[in-house]
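Residues 136 to 545 in this note's numbering are what the sequence shown spells out, letter by letter.
Glycine residues also receive a C-beta, built at the ideal position from the N, C-alpha and C atoms.
Since this is a predicted model, take the numbers as computed values, not measurements.
First up is the structure itself, then whatever we jot down about it.
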Amino acid sequence: MAVTKTFHYNSIDATGRKAKGTVEAPNEAAATHTLRQRGEVPLELIEAGQGLNRDLKIPGLGNRTKLKDLAVFARQFATMTASGMSLLRSLAILEEQTSAPPLKKALGEVRADVSGGVSLSAAMGKHEKVFPRLMVAMIRAGEAGGMIDRALEQIADSLEKDSALRGKIKSALTYPAIVLCFTFVLIAGVLIFIVPIFEAMFKSLGGELPAITQFLVTASHNMWWIGPLFLILAIGGSITYKKRARESAEFRLTVDKLKLRMPVFGTLFQKLAMSRFARNLGLLLNVGVPVMQALAVVGETTGNEVINIAMKDVQAAVRDGNTMSSALRHHDVFPAMVTQMIEVGEESGQISQMLDKVADFYDREVDSAAESLTASIEPIMVLVMGAVVGGMVICLYLPMFTIYQNIQGS
Numbered sequence: 136m137a138v139t140k141t142f143h144y145n146s147i148d149a150t151g152r153k154a155k156g157t158v159e160a161p162n163e164a165a166a167t168h169t170l171r172q173r174g175e176v177p178l179e180l181i182e183a184g185q186g187l188n189r190d191l192k193i194p195g196l197g198n199r200t201k202l203k204d205l206a207v208f209a210r211q212f213a214t215m216t217a218s219g220m221s222l223l224r225s226l227a228i229l230e231e232q233t234s235a236p237p238l239k240k241a242l243g244e245v246r247a248d249v250s251g252g253v254s255l256s257a258a259m260g261k262h263e264k265v266f267p268r269l270m271v272a273m274i275r276a277g278e279a280g281g282m283i284d285r286a287l288e289q290i291a292d293s294l295e296k297d298s299a300l301r302g303k304i305k306s307a308l309t310y311p312a313i314v315l316c317f318t319f320v321l322i323a324g325v326l327i328f329i330v331p332i333f334e335a336m337f338k339s340l341g342g343e344l345p346a347i348t349q350f351l352v353t354a355s356h357n358m359w360w361i362g363p364l365f366l367i368l369a370i371g372g373s374i375t376y377k378k379r380a381r382e383s384a385e386f387r388l389t390v391d392k393l394k395l396r397m398p399v400f401g402t403l404f405q406k407l408a409m410s411r412f413a414r415n416l417g418l419l420l421n422v423g424v425p426v427m428q429a430l431a432v433v434g435e436t437t438g439n440e441v442i443n444i445a446m447k448d449v450q451a452a453v454r455d456g457n458t459m460s461s462a463l464r465h466h467d468v469f470p471a472m473v474t475q476m477i478e479v480g481e482e483s484g485q486i487s488q489m490l491d492k493v494a495d496f497y498d499r500e501v502d503s504a505a506e507s508l509t510a511s512i513e514p515i516m517v518l519v520m521g522a523v524v525g526g527m528v529i530c531l532y533l534p535m536f537t538i539y540q541n542i543q544g545s
């Protein structure tokens with residue numbers, strides 16, 4: 136017998152009347168289904184006892200629109216439109232209930248444009264920093280085919296999968312990041328508190344310090360400016376990197392090529408890019424976006440400039456009458472399996488279905504690669520931390536041997 140859970144919900148019906156309460160269900164999907172059977176659209180659904188698991192929000196920080204916020208927005212928007220609610224009413228409700236400031240502001244402007252006669256896709260297209268091009272292109276195709284709710288459902292599925300993949304990558308990188316930060320804190324602590332004690336002892340005993348120990352002593356004396364300088368360089372480097380990556384396509388191409396060639400992470404980055412490429416292209420083709428436009432959008436939504444350049448070459452090849460699969464074979468970033476599956480899809484007329492299978496395959500590959508990466512990095516980071524601590528201990532105790540030899544010699 137399935138264990139039931141209690142979920143707190145906020146909902147709205149087709150007339151716009153809001154309600155809140157609790158519902159018993161085995162999981163979140165079942166709770167959502169129960170509410171929909173009642174004719175209610177769930178705006179918020181939280182498992183009882185999970186209130187402390189929400190994201191921490193700090194005023195002034197984290198105001199960017201998150202992928203998770205967009206996925207929730209698309210899912211709620213699709214549910215409302217499918218229930219027969221008008222676009223303007225749906226947008227007003229979504230604007231009111233969203234907690235992400237950029238998304239709330241953008242929805243208000245989109246609603247004003249739509250009420251003035253502008254199409255939904257055109258209104259959302261004015262806010263490129265909030266709504267991805269993939270979302271805008273799919274909604275435009277949904278408008279043309281009279282299936283906006285279906286397009287929004289597929290957008291929500293795609294954003295949720297992408298958010299889950301990013302979460303797994305972040306989880307794989309969390310442990311080494313924590314260990315690395317702890318290592319830096321440990322080094323700073325040793326230099327500030329421990330080294331001065333040994334230095335005073337060495338001075339009282341006399342003798343000349345080995346070069347490597349003297350280096351630690353000098354670093355300890357200069358920590359007052361080395362520490363702040365390191366922070367300034369780290370923050371400045373991060374800002375400069377983001378600015379260059381945003382403004383220079385050549386810089387992005389160089390960085391993405393290096394990412395794909397990295398010994399451990401390169402394979403993971405490639406699989407993640409293939410998953411996004413296949414899923415996004417399959418979604419666009421499935422809702423009726425023209426091939427040339429779909430290729431242009433996909434190139435800019437995979438987050439990899441190498442694939443973006445490849446898509447431009449594929450566009451030119453398809454325009455000249457060549458197949459997509461034959462053009463993709465000229466680019467090493469696409470594995471043989473991907474090009475073969477696309478070729479089968481072209482021959483059978485089921486290219487979007489084949490791309491969905493490729494995306495599902497690489498989703499599983501990313502899961503496996505992330506788990507393997509986490510398992511392999513943990514012992515490596517332990518060894519690195521042990522080497523750093525052991526090296527500093529040896530450097531501090533090395534003068535003891537010299538002093539002991541001088542005492543024996545005298």
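{"Check": "Coil, strand or helix - Glu-263 by DSSP", "Outcome": "coil"}
{"Check": "The region 352–367 in contact with the region 391–404 per 3-pair CB rule at 8 Å", "Outcome": "no"}
{"Check": "Identified DSSP bridge partners for Ile-181", "Outcome": "His-143"}
{"Check": "Closest residue to Phe-119 among Thr-169, Leu-255, Glu-506 (Cα-Cα distance)", "Outcome": "Absent from the model: residue 119. The displayed extent of the chain is 136 to 545, so no value can be given."}
{"Check": "Gly-423 to Glu-278 span [Cα, whole Å]", "Outcome": "10 Å"}
{"Check": "Candidates Thr-537, Ala-312, Leu-463, Arg-173, of which the one nearest Thr-509 by Cα", "Outcome": "Ala-312"}
{"Check": "Candidates Thr-214, Tyr-310, Leu-418, of which the one nearest Pro-514 by Cα", "Outcome": "Tyr-310"}
{"Check": "Straight-line Cα distance separating Ser-339 from Val-528", "Outcome": "20 Å"}
{"Check": "Exposure of Thr-139, with buried meaning 16 or more beta-carbon neighbours within 10 Å", "Outcome": "exposed"}
{"Check": "C-beta atoms of Leu-255 and Leu-222 nearer than 8 Å", "Outcome": "yes"}
{"Check": "Contact set for Leu-418: own chain, Cβ-Cβ below 7 Å, skip 5 residues either direction", "Outcome": "Met-273, Gln-289, Ser-293"}
{"Check": "Beta-bridge partners of Val-158, as assigned by DSSP", "Outcome": "Phe-142"}
{"Check": "Beta bridge counterpart(s) of Glu-295 as assigned by DSSP", "Outcome": "For Glu-295, which the question treats as bridged, DSSP gives no partner whatsoever."}
{"Check": "The region 226–245 in contact with the region 201–211 per 3-pair CB rule at 8 Å", "Outcome": "yes"}
{"Check": "Neighbourhood of Phe-266 by C-beta, 6 Å cutoff - its chain only, sequence neighbours within 5 removed", "Outcome": "Met-259"}
{"Check": "N-terminal and C-terminal residue of the alpha helix (DSSP H) that Gln-428 is part of", "Outcome": "426–436"}
{"Check": "Validate contact between the region 431–442 and the region 398–413 using beta carbons, cut 8 Å, 3 pairs", "Outcome": "yes"}
{"Check": "Sequence-distant residues of its chain with Cβ nearer than 8 Å to Glu-230 (five each side left out)", "Outcome": "Lys-239, Leu-242, Gly-243, Arg-246"}
{"Check": "Proximity winner among Val-271, Asp-495, Ala-217, relative to Gly-174 (alpha-carbon distances)", "Outcome": "Ala-217"}
{"Check": "Burial state of Asn-357, where buried means 16 or more other Cβ atoms lie within 10 Å", "Outcome": "exposed"}
{"Check": "Sub-8 Å separation of Ser-373 and Ile-327 beta-carbons", "Outcome": "no"}
{"Check": "Residue interval of the alpha helix (DSSP H) (run including Arg-379)", "Outcome": "358–382"}
{"Check": "Buried versus exposed, by CB contacts within 10 Å (16 or more), Arg-387", "Outcome": "buried"}
{"Check": "Candidates Leu-287, Tyr-532, Leu-531, Gly-525, of which the one nearest Thr-318 by Cα", "Outcome": "Gly-525"}
{"Check": "Environment of Glu-334 [buried if 16+ CB atoms lie within 10 Å]", "Outcome": "buried"}
{"Check": "Nearest-angstrom Cα separation, counted from Leu-300 out to Val-523", "Outcome": "33 Å"}
{"Check": "Distance CB(Ala-286)-CB(Ala-505) smaller than 8 Å", "Outcome": "no"}
{"Check": "Chain-order list of residues whose beta-carbon lies under 6 Å from that of Asp-491 (same chain, five-residue window excluded)", "Outcome": "Gly-417"}
{"Check": "Pair within 8 Å by beta-carbon distance, Lys-303 and Val-501", "Outcome": "yes"}
{"Check": "Buried versus exposed, by CB contacts within 10 Å (16 or more), Asn-415", "Outcome": "buried"}
{"Check": "7 Å Cβ shell around Arg-120 - same chain, five flanking residues per side excluded", "Outcome": "No statement about residue 120 is possible, as the shown extent of the chain runs from 136 to 545 and does not include it."}
{"Check": "Span of the alpha helix (DSSP H) around Met-282", "Outcome": "Taken as a continuous stretch (DSSP letters only), Met-282 belongs to no alpha helix (DSSP H), as it is neither H nor E."}
{"Check": "Beta-carbon proximity list for Val-390, same chain, < 7 Å, skipping 5 on both sides", "Outcome": "Ala-380"}
{"Check": "When Ser-460, Pro-470, Ala-494 are compared against Glu-481, the one with the closest alpha-carbon", "Outcome": "Ser-460"}
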